[in-house]
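J.: Counting with UniProt numbering, you get residues 1 to 103 for the letters of the sequence shown.
Even for Gly, the Cβ is constructed at its ideal location relative to N, Cα and C.
No experiment lies behind these values; they were computed from the predicted model shown.
Below is one structure. I have some questions about it.
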Amino acid sequence: MSENNKIKKRYDRVAPVYDSLEYLMEKGKMGDWRQNLWQRVEDKIDKDNMRLLEAGVGSGKNIEYYPDNIEIYAIDFSPKMIQEAEKKAKKYNREVKLLEMDI
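Written out as structure tokens, the structure reads:
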């Protein structure tokens, strides 16, 4: 089994509990950092005909912070992580084109 396949299986296995494993970091500085980062992105972009690609979307922790009114693509090589990201896109009412691929 290739190293990529091993990593993919590992992420598939932890996908349902991934956010729980990082809960303390997210409730601490990481959550604030994430929000500040996306606010800075939103302040600097021209939203007319803008497209955004998030490579390695994982469980979709950034989805709630994506700027409004832009076309968003997000990729990950773990199908189970994509499923978790799809749940967040639905929860935050975000239209995100989620694609499974390895870059």
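What are the boundary residues of the alpha helix (DSSP H) that R10 is part of?
T.: E3 to V14
J.: If you draw a straight line from the C-alpha of S20 to the C-alpha of N49, how long is it?
T.: 36 Å
J.: With H, G and I counted as helix, E and B as strand and the rest as coil, what does DSSP make of V41?
T.: helix
J.: Can you look up D19 in the DSSP assignment and give me helix, strand or coil?
T.: helix
J.: By the 10 Å Cβ neighbour count, where 16 or more other Cβ atoms means buried, how is E84 classified, buried or exposed?
T.: buried
J.: Are E64 and K80 close, meaning C-beta to C-beta below 8 Å?
T.: no
J.: The alpha helix (DSSP H) with E84 in it runs from where to where?
T.: P79 to K91
J.: Does DSSP put K97 in a helix, a strand or coil?
T.: strand
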